[in-house]
């Protein structure tokens, strides 16, 4: 796959600044040329007003060449290096401004400017730096402190806590002062100026990160250390596709933006604060759902991260464990037991959705969170997360919530869950949402299985209620109505019932799966959110309807903007930008749809299906039960190789089992 493919270059920027590329790591995020940045977990505002606190950004610089009347400019996002650059090309010189969020030193962002003379002239060359930076914020009470190692210093707390009497996070920032002009003197051929910005929750961490950056700079290896760390992540999560160029480019973009949001490999960067639909660069007040975390993280982004990078998947689950007490309070306030995860979550797990109806009724999110835990456990068998790190408390509390939330119907002799909003937000206050009830059933079954594995007692009612919960089904038409009283043909906002097939894997025949897809595809709002079409695509791939799958996947392309492949939530440009949820759905088509991978209790199933234009898919490093698998699928063959196993001495190897019943052991290094 040509490296040039993952490099997006333009000679002009998009007119809408929201569509500029983002630079983020696990702790810091900004949009290029923007005067603010965000730090993970730093929110200001109470309850529904909680939003990412704007931190003033010294990185919001823009070069200008006052002496050159019309210089040639280019702007490049390189997804292989995790860097953005702006180049001015003049007859006698080039000036390049490079920006990156350091992938392993997550409290550091770096900006560098290089002026290079191209001819034998000896006159000075001057570049102007236009900056919008002002060291103040509408969300932080900032105070200047003493300079440190040549850096300016400010610190301060957020203005309003999320919960009354709760903590107000502190931000400490050090930055290299930026002059208004940079001049390459007459005798110099080339010079590079470096500007560091360190942001952390403590003075000590900010200073440690700034000093580490200076030391690496002095050794000439600051950029190299970022590149090495980012390349290791990209290599470990490599997905290569032989197919249409637009599809390959979209794949590079999705991997870049989603992997930018996860913690670096082999580097405990402190607690992880979850992934919001627009990522860490977005989420200021009134924008991109204010940086809140939704089911988008657990249902749409998580499965991809789990397959490629289970350590980061674990960090996402630990965010949910850390917010357990807030979720417990949410359940209590509504009169239920256990935990109710918020529809919108920030730092505490309390409900921060500005509109009450969603927090009160869109309760499927609690089951979505537990589904992520189940997928993780089936893929890793990591019992420590559940026994020692709080996972079991979460599983048990979710099961308790569902038991308290359902009521027995004497008439139907089944359990009902009433008064909910399904994923399809065009309907509210409905009874027995098929998706909500199916995810509740899955929660209860997993809780029972998990208790068995951990040798813990589980109430019999979990299994009993899972068996007796109503999931609406129309026997005559052989499809799942979205909820009790749903009329066929009623418009639907987004993927809802089709999620029963995948990811829920709710038991049904191929005929019913087809009927659900046929029923809901034509009535799903074409202006709905981007991730919807990916789930129809996965469904059609399952049924080997390759052309229909492709036509659904193609709809995603109207949500991808040029030139930097930034996704918008809705095809008309409204909603969140840098819409990681849509990217997550798109990646699931490739990682689960084209491969047919399904994570089950006992195995990782595979059943590939490619649309016509795709000839080869290679996933370099799938993680399964402590092994790493390289999987290459072409139209002729499936090749699986165990490239790494964590077991020493190796336990019984993985086996590939074919439908014919043949078993092939997969030892390390064997294909």
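In the numbering used here, the protein residues as written are -14 to 656.
We put the beta carbon where it would ideally sit given N, CA and C, even for glycine.
Remember, predicted model here, so these are calculated numbers, not experimental data.
(1) At which residues does the alpha helix (DSSP H) containing residue 517 begin and terminate?
(2) Flag this pair as touching only if the segment 439 to 447 and the segment 364 to 380 have three or more C-beta atom pairs under 8 Å; answer yes or no.
(3) Counting C-beta neighbours from all protein chains within 10 Å, is the total for residue 107 16 or more, i.e. buried, or is it exposed?
(4) Tell me the DSSP secondary structure of residue 367 in three-state form.
(5) State the DSSP-derived secondary structure class of residue 335, mapped to helix, strand or coil.
(6) Residue 587 to residue 626, Cα distance in whole Å?
(7) So, helix, strand or coil for residue 506, using DSSP?
(8) With 16 other CB atoms within 10 Å as the buried threshold, where does residue 382 fall?
(9) Taking a contact to mean a Cβ-Cβ separation below 7 Å, would you say residue 602 touches residue 582 in this structure?
(10) Specify the secondary structure class of residue 330 as computed by DSSP and reduced to three states.
(11) For residue -5, which residues of its own chain have a beta-carbon under 6 Å away from its beta-carbon, when the five flanking residues on both sides are left out?
(12) Tell me whether residue 365 is buried or exposed, calling it buried when 16 or more other Cβ atoms sit within 10 Å of its Cβ.
(13) For the alpha helix (DSSP H) that contains residue 94, what are its first and last residues?
(14) Determine the direct distance from the alpha carbon of residue 102 to that of residue 169, and round the result to whole angstroms.
(15) What are the boundary residues of the beta strand (DSSP E) that includes residue 159?
(16) Rounding to the nearest angstrom, what Cα-Cα distance links residue 311 and residue 333 in this structure?
(17) In chain order, which beta strand (DSSP E) runs of at least 3 residues are fully inside the segment 198 to 259?
(18) Hey, out of 432, 220 and 263, whose CA is closest to residue 555's CA?
(19) How many angstroms separate the CA atom of residue 459 from the CA atom of residue 498?
(20) Give me the Cβ distance between residue 399 and residue 348, rounded to the nearest whole Å; I'm assuming they're in contact under 8 Å.
(21) Among 135, 574, 166 and 297, which has the Cα closest to the Cα of residue 115?
(22) Using only alpha-carbon positions, find the residue among 314, 527 and 435 that is nearest to residue 337.
(23) Could you give the first and the last residue of the continuous beta strand (DSSP E) run that contains residue 58?
(24) Residue 353 and residue 284 - do their beta-carbons sit closer together than 7 Å?
(25) Would you call residue 271 buried or exposed, if buried means 16 or more other Cβ atoms sit within 10 Å of its Cβ?
(26) Note down the Cα distance separating residue 245 from residue 73, rounded to an integer number of angstroms.
(27) Take residue -11 as the anchor and find which of 63, 17 and 467 has the nearest alpha-carbon.
(28) Are the segment 567 to 576 and the segment 231 to 250 in contact at 8 Å, needing three or more beta carbon pairs?
(29) Just curious, the beta strand (DSSP E) that residue 3 is in, first and last residue?
(30) Would you list the residues sitting across from residue 112 in a DSSP beta bridge?
(31) Quick check on the DSSP output: what are the complete beta strand (DSSP E) runs of length 3 or more inside the segment 371 to 406, in order along the chain?
(32) Have a look at the DSSP bridge pairing and note the partners of residue 615.
(33) Tell me whether residue 535 sits in a helix, a strand or coil according to DSSP, three-state version.
(34) Using three-state DSSP, classify residue 196 as helix, strand or coil.
(35) Which ranges does the alpha helix (DSSP H) cover as unbroken runs of at least 4 residues, wholly within the segment 555 to 612, from first to last along the chain?
(36) Is it the case that the CB of residue 158 approaches a heavy atom of the ligand FAD more closely than 6 Å?
According to the data block:
(1) Position 532 of the chain shown, counting from 1, holds the residue named residue 517. It spans 517 to 527 - the alpha helix (DSSP H) in which residue 517 sits, taken as one unbroken run.
(2) Under the three-pair Cβ rule at 8 Å, the segment 439 to 447 counts as touching the segment 364 to 380.
(3) Taking the chain shown and counting its residues from 1, the one referred to as residue 107 is at position 122. It counts as exposed.
(4) Within the chain shown, the letter at position 382 stands for residue 367. Residue 367: coil per DSSP, three-state reduction.
(5) Translated into the one-based positions of the chain shown, residue 335 becomes position 350. In this structure, residue 335 counts as coil in the three-state DSSP scheme.
(6) The residue given as residue 587 occupies position 602 in the chain shown. The residue given as residue 626 occupies position 641 in the chain shown. In a straight line, the C-alpha of residue 587 is about 20 Å away from that of residue 626.
(7) The residue labelled residue 506 in the question sits at position 521 within the chain shown. The answer is coil: DSSP assigns residue 506 none of H, G, I, E or B.
(8) Along the chain shown, one-based indexing puts residue 382 at 397. With 16 or more other Cβ atoms within 10 Å, it is buried.
(9) Taking the chain shown and counting its residues from 1, the one referred to as residue 602 is at position 617. Taking the chain shown and counting its residues from 1, the one referred to as residue 582 is at position 597. Going by C-beta atoms, residue 602 is not nearer than 7 Å to residue 582.
(10) As a working note, residue 330 is residue 345 in the chain shown. Residue 330 falls in the strand class under three-state DSSP.
(11) The residue given as residue -5 occupies position 10 in the chain shown. Cβ-Cβ distances below 6 Å link residue -5 to 60 and 548 in the same chain, with the five nearest sequence neighbours on each side left out; the list follows chain order.
(12) Taking the first residue of the chain shown as 1, we reach residue 365 at position 380. It counts as buried.
(13) Counting from one through the chain shown, the residue named residue 94 turns up at place 109. DSSP places residue 94 in no alpha helix (DSSP H) but in the uninterrupted beta strand (DSSP E) bounded by 93 to 102.
(14) Here the question's residue 169 lines up with position 184 in the chain shown. Here the question's residue 102 lines up with position 117 in the chain shown. If you take the alpha carbons of residue 169 and residue 102, they lie about 8 Å apart.
(15) Along the chain shown, one-based indexing puts residue 159 at 174. Run containing residue 159: 155 to 160, per the beta strand (DSSP E) assignment.
(16) As a working mapping, residue 311 is identified with position 326 in the chain shown. As a working mapping, residue 333 is identified with position 348 in the chain shown. Their Cα atoms are separated by approximately 6 Å.
(17) Runs of the beta strand (DSSP E) lying entirely within the segment 198 to 259 and spanning at least 3 residues, in chain order: 224 to 227.
(18) Numbered from its first residue, the chain shown carries residue 555 at position 570. If we check each option's Cα against that of residue 555, 263 comes out closest.
(19) Position 474 of the chain shown, counting from 1, holds the residue named residue 459. Position 513 of the chain shown, counting from 1, holds the residue named residue 498. Cα-Cα distance, rounded: 13 Å.
(20) For the purposes of this step, residue 399 is taken as residue 414 along the chain shown, with counting starting at 1. For the purposes of this step, residue 348 is taken as residue 363 along the chain shown, with counting starting at 1. Rounded, the Cβ-Cβ distance is 18 Å, inconsistent with contact.
(21) Locating residue 115 in the chain shown gives position 130, counting from the first residue. It is 166.
(22) For this step, residue 337 is matched to residue 352 along the chain shown. The option with the nearest alpha carbon to residue 337 is 314.
(23) By 1-based counting over the chain shown, the position of residue 58 is 73. Run containing residue 58: 57 to 63, per the beta strand (DSSP E) assignment.
(24) Working through the chain shown from its first residue, we reach residue 284 at position 299. Working through the chain shown from its first residue, we reach residue 353 at position 368. Yes.
(25) By one-based count along the chain shown, residue 271 stands at place 286. Result: exposed.
(26) As a working mapping, residue 245 is identified with position 260 in the chain shown. As a working mapping, residue 73 is identified with position 88 in the chain shown. Between residue 245 and residue 73, the C-alpha separation is close to 27 Å.
(27) Taking the first residue of the chain shown as position 1, residue -11 is located at position 4. When 63, 17 and 467 are compared, the shortest CA-CA separation from residue -11 is found for 63.
(28) yes
(29) For the purposes of this step, residue 3 is taken as residue 18 along the chain shown, with counting starting at 1. Unbroken run through residue 3: none, as it is neither H nor E.
(30) Within the chain shown, numbered from 1, the residue matching residue 112 stands at position 127. The partner list for residue 112 (beta bridge, DSSP) reads 167.
(31) 392 to 394 and 399 to 401
(32) Here residue 615 refers to the residue found at position 630 of the chain shown. Its beta-bridge partners are 626.
(33) The sequence position of residue 535 within the chain shown is 550, counting from 1. For residue 535, the secondary structure class from DSSP, reduced to helix, strand or coil, is helix.
(34) To locate residue 196, count along the chain shown from 1; it is residue 211. Looking at residue 196 - three-state DSSP - the assignment turns out to be helix.
(35) DSSP runs (the alpha helix (DSSP H)) wholly in the segment 555 to 612: 565 to 573.
(36) For the ligand FAD, the structure offers nothing, since it holds no ligand at all.
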